[in-house]
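Residue numbers (this note's numbering): 1 to 189. What follows is one structure encoded as structure tokens, with my remarks underneath.
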């Protein structure tokens, strides 16, 4: 199953305007190749580097290679504030017959404002719309902020308790899913 094509074909809900908890107008939209320099800039100043399963990579050349790989194999969305990339979320579509891995990073100064929750909810909706049965991620056990966000959009822990934990989101297809329409491009959570 080609998840990427299905994501693109059903991605009618983006871009979206989102007013965060601090009153800032955030635009959430799909990643485009022309965004690479701004996305790299976000990761270059991102802190802390390397804390979540070694991501984002600490060394500049490794980080650039990783980002090229992610932007080629993940379906990605960006959060922008005043033209600057302040958030990145993606679903790994490199293995089309498997359930995708999810990643999200929010730039310092924009955390605890609902942006991560909004982006995670959008990605959950996209996965649901495309018929993806589940999505999974890895999170550091001490990253309680991220865990709260993931739990808000129905991710649950699986597997053994360790420093890194896996969480999964089982997506239940809604009976009226095929009849669903969107009348507004505004996101309300």
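Cβ coordinates follow ideal geometry from the N, Cα and C atoms, glycine included.
Query, Result
"Supposed close pair residue 28, residue 118 - CB separation, criterion 8 Å", "6 Å"
"Between the CA atoms of residue 19 and residue 108 - distance to the nearest angstrom", "17 Å"
"Beta-carbon proximity check, residue 64 vs residue 40, cutoff 8 Å", "yes"
"CA-to-CA distance, residue 98 to residue 13, given in whole angstroms", "24 Å"
"DSSP state of residue 150 mapped onto helix, strand, coil", "helix"
"Cβ pair residue 73, residue 92 closer than 8 Å", "yes"
"Segments assigned alpha helix (DSSP H), at least 4 residues, entirely inside the region 40 to 88", "60 to 73"
"Selected residue, minimal CA-CA separation from residue 104, among 128, 78, 125", "78"
"Simplified DSSP state of residue 29, which is helix, strand or coil", "strand"
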